[in-house]
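Structure first, then comments.
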Amino acid sequence: MKVTAQPAADTLTLVLDGELDASSAVVLDTELNKPDLLTYRKVLIDCQKLSYISSAGLGVFISHLQRLQDSDVKLVFYNMQEKVFNVFEILGLDSLMNIVPTVEEAQTV
Amino acid sequence: MPTISRSAWLLVAAAACWVVLLLGTLSQSHALANQADVWPRWVLLLAQAGFAAFVFMYARLQPEGLRGHNFVPLLRQVFWRSLLATGGLVAAMLVERLTAAHTLPLPGNVTSAVSYTVVLALFILLLSQTLYTWRSLVGFRGGRKLRREWVVFELTLGIALLLQLFIWNVPYTLRVVLITGLALFGVYLSGHQRWVAYLSQGQKVQAILLQIGVLTCLLLFLRYLTQAQTDPALLAPASQQAFLVLTSFFAVFYAIAGLLVSFFNLPTADVFEQRRNEILSLQQLTQIIQRGQTAPEIYQALFDSAVKTVQADAAWFDTRPQPTDPTGSQMMPLLHHLTPADVDKLRANLAGLLIDERLEVIDNDLGRSQRLAGLGYHFCSVVVLTLRSPSYDYGVMVLFKEELEGFDREDSSILNTFTSQTVLSLENLQLAHEARVNQRTQDELRIAALVQERLIPKKLPTDDWFEISTYAQAAKEVGGDFYDFLHLPGQKLAVLIGDVSGKGVTAAFHTAQMKGIFHALMQANPLAKNERNRYPDPHRFMVQANEALTHCLERSSFITAAFYLIDYQAGGFSFARAGHCHTLYYHSIKEEVSYFRTEGLGLGIIRDASYEKYVKTQFWDYNPGDVMVIYTDGIVEARDGEGNEYGEERLREMLSACFYQSAEEINTHIRQDVQQFSQGLPLHDDQTLLVIKFKSAQPQA
Chain L
1 MKVTAQPAAD TLTLVLDGEL DASSAVVLDT ELNKPDLLTY RKVLIDCQKL SYISSAGLGV
61 FISHLQRLQD SDVKLVFYNM QEKVFNVFEI LGLDSLMNIV PTVEEAQTV
Chain C
1 MPTISRSAWL LVAAAACWVV LLLGTLSQSH ALANQADVWP RWVLLLAQAG FAAFVFMYAR
61 LQPEGLRGHN FVPLLRQVFW RSLLATGGLV AAMLVERLTA AHTLPLPGNV TSAVSYTVVL
121 ALFILLLSQT LYTWRSLVGF RGGRKLRREW VVFELTLGIA LLLQLFIWNV PYTLRVVLIT
181 GLALFGVYLS GHQRWVAYLS QGQKVQAILL QIGVLTCLLL FLRYLTQAQT DPALLAPASQ
241 QAFLVLTSFF AVFYAIAGLL VSFFNLPTAD VFEQRRNEIL SLQQLTQIIQ RGQTAPEIYQ
301 ALFDSAVKTV QADAAWFDTR PQPTDPTGSQ MMPLLHHLTP ADVDKLRANL AGLLIDERLE
361 VIDNDLGRSQ RLAGLGYHFC SVVVLTLRSP SYDYGVMVLF KEELEGFDRE DSSILNTFTS
421 QTVLSLENLQ LAHEARVNQR TQDELRIAAL VQERLIPKKL PTDDWFEIST YAQAAKEVGG
481 DFYDFLHLPG QKLAVLIGDV SGKGVTAAFH TAQMKGIFHA LMQANPLAKN ERNRYPDPHR
541 FMVQANEALT HCLERSSFIT AAFYLIDYQA GGFSFARAGH CHTLYYHSIK EEVSYFRTEG
601 LGLGIIRDAS YEKYVKTQFW DYNPGDVMVI YTDGIVEARD GEGNEYGEER LREMLSACFY
661 QSAEEINTHI RQDVQQFSQG LPLHDDQTLL VIKFKSAQPQ A
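Here it is, written out as structure tokens:
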């Protein structure tokens with residue numbers, strides 16, 4: 001699992017590559033825990049290469065959800081594979097989080 | 001170099017004494033002929049004593065001749081020197097004979113005086129060489145006590161030399177006591193023949209021959225000198241006899257003793273004793289280890305054994321606590337004849353040796369390497385041993401001896417045996433400790449598994465209206481899946497299934513909590529205005545459970561759950577899904593298998609009142625023959641060898657193929673299919689599967 005951060009103006013894009021499970025969740029958590037994260041207006045998560053997400057991986061996003069909301073930082077997922085989207089959907093996270101098909105839509109959210 | 005200049009001065013002084021002695025002897029021989037010009041007797045005595053003293057002191061200052069176990073080269077060196085001296089003796093005798101036969105045109109008394117003086121000088125030189133070679137052999141593997149005894153021996157010899165110089169007429173009894181005492185002392189010292197035991201067969205033969213050679217040379221000299229004493233042509237000074245006789249006696253006696261020991265192949269008792277001590281120490285060490293005592297006890301045993309076995313004069317041992325020691329505190333160094341202040345000083349000076357990568361470093365000549373220069377210790381040899389396993393350094397032991405070449409191959413090998421044995425035992429101790437800790441954890445997990453097992457309902461609800469079959473398997477000892485049933489008055493049945501995110505003990509705790517919440521919330525509300533509100537509906541159940549969990553669930557954890565309230569009198573059920581897997585359903589009238597695709601957010605994701613917007617109650621009327629399959633993601637996410645997931649689709653097809661069977665059979669079919677799919681691979685996640693089959697109200701009818 002690889003996490004690449006791409007800062008641009010008021011938007012931070014995190015590109016996820018690989019399987020997000022209990023062991024790689026730590027890497028993502030470190031990235032989301034950085035204090036300067038809250039200075040952005042928007043955090044985009046590029047899920048194109050995210051092939052699997054476990055409950056521990058979901059837990060990382062869930063645990064940061066409130067903090068980002070409180071600081072008015074929008075969390076947007078895009079390019080999500082269907083299998084991964086199903087996991088979000090079953091848990092009901094699709095009604096709670098911004099999940100859009102393309103990067104263009106992600107930028108206009 | 002002060003030593004060299006001192007030796008040079010001694011040589012010069014000896015030469016000067018010899019010249020005086022020569023002139024004095026000449027004057028005496030002249031006096032014999034001319035009756036005039038006689039030097040006083042005390043000048044001769046002084047010159048002779050001075051010569052002997054300087055030569056012996058010179059020999060004493062020479063560096064230790066014995067290196068390691070090179071006994072034969074040492075003996076060979078003495079032998080060649082003896083031979084050289086004897087060559088001089090033979091030449092002197094030849095000149096004397098020829099002069100006596102008038103073959104050589106020399107004055108007879110002058111010749112014998114000169115040759116006597118030369119032979120005496122050669123003899124004293126030879127004696128000094130032999131004595132100090134014997135010192136190396138006597139001191140070999142001897143301790144500090146023996147070295148002290150040797151110094152006493154030297155001192156008494158010196159006293160014997162001085163006594164005759166200053167007291168002209170030594171009382172007869174004193175002389176006898178002194179000579180006998182010293183002779184006995186010499187005999188005692190001659191008992192130290194430990195080196196012989198270290199000779200191989202071939203070396204022994206060489207040593208015997210070389211000693212015979214040295215002995216012969218010494219005896220030749222003695223024969224000449226005793227004859228010369230009585231030679232009427234020479235009034236030799238009957239001088240330091242006591243000293244020379246004693247020294248020769250010791251030199252000869254030691255050689256004879258060594259010869260006998262070598263010849264009869266008698267390893268001396270000391271060597272036996274030492275070997276026995278080594279074996280005993282090793283046994284002791286092994287026993288302490290086998291009894292599985294603590295690390296400090298093992299360290300102490302090693303230290304004591306090592307010091308005793310190699311007879312170290314001083315030592316210290318820096319130990320580190322075991323890696324598993326919870327306190328991890330630094331331990332005090334173990335000490336032998338050293339104070340903590342000494343250790344600090346020595347440690348600073350030996351830093352180079354202490355950080356060496358090798359397990360064993362020996363410096364057998366600390367004087368030359370100048371490591372302890374200026375500290376005022378008498379240590380000449382040091383060995384540094386590191387106790388190391390591939391993963392850990394247990395400590396460093398430093399042993400000192402006051403003698404040069406103090407640590408030889410035997411010491412090294414026995415010390416290495418000790419340390420490797422100790423490292424082994426320390427590792428064992430550690431493994432045993434880890435095994436105990438591991439065992440305890442295992443035991444506790446087993447208890448946790450038993451406790452969790454008790455939380456799972458053993459008695460399934462039975463009724464004519466439905467059949468229930470269950471299956472649950474945790475991936476680890478304890479799991480994060482749970483389910484429960486509760487019969488409510490009025491032919492109602494509450495069913496709860498859920499999955500705590502994460503695995504292991506933490507997840508297991510939350511399953512117990514969910515069970516508690518379930519039973520607490522499903523208590524009848526006595527204040528309810530009507531029958532419908534007596535028990536919470538699925539939506540209210542989820543909202544209240546979510547609230548209850550808010551305070552105890554870690555922020556990154558969540559729980560998925562599905563709750564069903566079956567009213568089999570009315571033939572319908574209400575349910576709510578909180579992020580849990582979709583329910584699979586067989587509709588007997590439409591003859592169709594499909595999932596209830598409803599919305600609902602997992603518990604613990606939103607932790608405020610807004611959660612109620614994210615969960616809904618759904619209603620469904622069932623018909624006899626309908627089948628409901630409730631499960632956790634461990635079923636649909638089971639993986640095969642290539643990492644493919646079992647999936648909702650395959651589960652749906654399974655039910656399509658076996659919906660007509662009993663709940664038990666359907667359950668078994670699905671379970672077997674999942675197991676077949678995952679090809680016996682270890683479980684990736686906990687699996688739970690509930691099958692409920694509805695039947696008509698009166699199945700008999």
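As you go down the protein sequences, you meet chains L and C in turn.
Position one of the first sequence corresponds to residue 1 (full-length UniProt numbering), numbered consecutively onward.
Position one of the second sequence corresponds to residue 1 (full-length UniProt numbering), numbered consecutively onward.
Note that beta-carbon positions come from the ideal geometry of N, C-alpha and C, so glycine has one too.
Environment of D481(C) [buried if 16+ CB atoms lie within 10 Å]:
Here residue 481(C) refers to the residue found at position 481 of the second sequence. Flag for D481(C) reads buried.
Using a C-beta to C-beta distance shorter than 7 Å, which residues of chain C count as neighbours of I62(L)?
On the first sequence, position 62 is the one that residue 62(L) refers to. Those are S556, F558 and I605, listed as they occur along chain C.
Applying the 10 Å Cβ sphere with the 16-neighbour rule, what's the burial state of G641(C)?
Within the second sequence, residue 641(C) is the residue found at index 641, counting from 1. The residue is exposed, with fewer than 16 neighbouring Cβ atoms inside 10 Å.
Could you name the residues of chain L that H582(C) contacts, counting a contact when the two beta carbons are closer than 8 Å?
By 1-based counting over the second sequence, the position of residue 582(C) is 582. Near H582(C) (Cβ distances below 8 Å), the residues of chain L are I90.
Close Cβ partners of A5(L) (< 6 Å) along its chain, the five nearest in sequence each way excluded:
Taking the first residue of the first sequence as position 1, residue 5(L) is located at position 5. Closer than 6 Å at Cβ, skipping near neighbours: L14.
In chain L, what lies closer than 9 Å to Y614(C) by C-beta?
Mapped onto the second sequence, residue 614(C) falls at position 614. Those within 9 Å of Y614(C) in chain L are G92, S95 and L96.
So which of K492(C), A121(C) and A448(C) has the shortest CA-CA distance to L84(C)?
Here the question's residue 84(C) lines up with position 84 in the second sequence. The shortest C-alpha separation from L84(C) is found at A121(C).
According to the Cβ coordinates, are A520(C) and Y535(C) closer than 8 Å?
To locate residue 520(C), count along the second sequence from 1; it is residue 520. To locate residue 535(C), count along the second sequence from 1; it is residue 535. No, the pair does not count as a contact, with Cβ atoms beyond the cut-off.
Report the neighbours of G579(C) on chain L: residues whose CB is nearer than 9 Å to its CB, in chain order.
Along the second sequence, one-based indexing puts residue 579(C) at 579. Here the neighbours are I90, L91, G92 and L93.
When the Cα atoms are used, what is the spatial distance from E648(C) to V636(C)?
Counting from 1 along the second sequence, the entry for residue 648(C) is found at position 648. Counting from 1 along the second sequence, the entry for residue 636(C) is found at position 636. Approximately 6 Å, taken between the alpha carbons.
List the endpoints of the continuous beta strand (DSSP E) containing D46(L).
Locating residue 46(L) in the first sequence gives position 46, where the first residue counts as 1. K42 to I53 is the span of the beta strand (DSSP E), which, as asked, contains D46(L).
I need the boundaries of the beta strand (DSSP E) containing A98(L), first residue and last residue.
Within the first sequence, numbered from 1, the residue matching residue 98(L) stands at position 98. In the sequence as displayed, the identity of residue 98(L) is Asn instead of Ala. Element bounds for N98(L): N98 to V100.
Is it buried or exposed, Q687(C), if we count other Cβ atoms within 10 angstroms and call 16 or more buried?
Along the second sequence, read from residue 1 onward, the residue named residue 687(C) stands at position 687. Counting Cβ neighbours within 10 Å, Q687(C) comes out buried, since at least 16 surround it.
Decide if P7(L) is buried, meaning its Cβ has at least 16 other Cβ atoms within 10 Å, or exposed.
Counting from one through the first sequence, the residue named residue 7(L) turns up at place 7. So P7(L) ends up on the exposed side.
Buried or exposed: where does K401(C) fall if 16 or more other Cβ atoms within 10 Å of its Cβ makes it buried?
Locating residue 401(C) in the second sequence gives position 401, counting from the first residue. By the 10 Å Cβ count, K401(C) comes out buried.
From the DSSP secondary-structure annotation, give me the bridge partner or partners of W316(C).
By one-based count along the second sequence, residue 316(C) stands at place 316. W316(C) is bridged to L335(C) and V398(C).
At a CB-CB cut-off below 8 Å, which residues of chain C make contact with A56(L)?
As a working mapping, residue 56(L) is identified with position 56 in the first sequence. The contacting residues are S501, G502 and S556.
Distance, Cα to Cα, Y518(C) vs V87(L)?
Your numbering for residue 518(C) matches position 518 in the second sequence. Your numbering for residue 87(L) matches position 87 in the first sequence. The sequence shown places Phe at residue 518(C), rather than the Tyr named in the question. Each residue's Cα considered, the two are about 26 Å apart.
Residue-level contact to chain L via CB, L601(C), 8 Å cutoff
Here residue 601(C) corresponds to residue number 601 of the second sequence, with the count starting at 1. Closer than 8 Å: yes.
Please confirm if G18(L) has its CB atom under 8 Å from at least one CB of chain C.
Here the question's residue 18(L) lines up with position 18 in the first sequence. It does not; no Cβ of chain C falls within 8 Å.
Can you tell me whether D408(C) is helix, strand or coil according to DSSP?
Mapped onto the second sequence, residue 408(C) falls at position 408. If DSSP states are grouped into helix, strand and coil, D408(C) belongs with coil.
When DSSP labels each residue in this structure, what does L66(C) get in the three-state scheme?
Taking the second sequence and counting its residues from 1, one reaches residue 66(C) at position 66. Coil at L66(C), not helix or strand.
Would a C-beta distance cut-off of 8 Å place N79(L) and Q107(L) closer than the cut-off?
Translated into the one-based positions of the first sequence, residue 79(L) becomes position 79. Translated into the one-based positions of the first sequence, residue 107(L) becomes position 107. Contact: no.
In whole angstroms, what is the alpha-carbon distance linking L12(L) and R607(C)?
As a position in the first sequence, residue 12(L) is number 12, starting the count at 1. As a position in the second sequence, residue 607(C) is number 607, starting the count at 1. Answer to the nearest angstrom: the Cα atoms are 27 Å apart.
Taking only three categories from DSSP, how would you classify W150(C)?
Residue mapping note: residue 150(C) aligns to position 150 of the second sequence, counting from 1. Note: W150(C) maps to helix in three-state DSSP.
With 16 other Cβ atoms within 10 Å as the buried cut-off, status of S248(C)
Locating residue 248(C) in the second sequence gives position 248, counting from the first residue. So S248(C) counts as buried.
Is it right to say L89(C) is buried, meaning 16 or more other beta carbons lie within 10 angstroms of its own, or is it exposed?
The residue labelled residue 89(C) in the question sits at position 89 within the second sequence. That one is buried.
Proximity of M522(C) and A494(C) at Cβ, strictly below 8 Å:
By 1-based counting over the second sequence, the position of residue 522(C) is 522. By 1-based counting over the second sequence, the position of residue 494(C) is 494. Closer than 8 Å, so yes.
How is I191(C) classed by DSSP in three states: helix, strand or coil?
Stepping through the second sequence from its first residue, residue 191(C) is reached at position 191. Sequence inspection shows Gly at residue 191(C); the Ile mentioned does not correspond to that position. In this structure, G191(C) counts as coil in the three-state DSSP scheme.
Would you mind giving the Cβ-Cβ distance between V310(C) and D411(C), rounded to the nearest angstrom? I have them listed as a contact below 8 Å.
In the second sequence, the residue the question calls residue 310(C) occupies position 310. In the second sequence, the residue the question calls residue 411(C) occupies position 411. That belief holds up - the Cβ atoms of V310(C) and D411(C) are roughly 5 Å apart, short of 8 Å.
Identify every residue that forms a DSSP beta bridge with M628(C).
Counting from one through the second sequence, the residue named residue 628(C) turns up at place 628. Paired residues: Y585(C) and I692(C).
Spatial neighbours of A663(C) within its chain, please: C-beta separation below 7 Å, excluding the five flanking residues on both sides.
Residue numbering aside, residue 663(C) sits at position 663 when the second sequence is read from its first letter. For A663(C), where only same-chain residues beyond five positions count, the Cβ hits under 7 Å are E467, I468, S469, V691, I692 and K693.
Once DSSP output is grouped into helix, strand and coil, what is the label at S23(L)?
Within the first sequence, numbered from 1, the residue matching residue 23(L) stands at position 23. In this structure, S23(L) counts as helix in the three-state DSSP scheme.
For the beta strand (DSSP E) holding R577(C), just list the boundary residues, first then last.
The sequence position of residue 577(C) within the second sequence is 577, counting from 1. Where R577(C) is concerned, the enclosing beta strand (DSSP E) stretches over G572 to A578.
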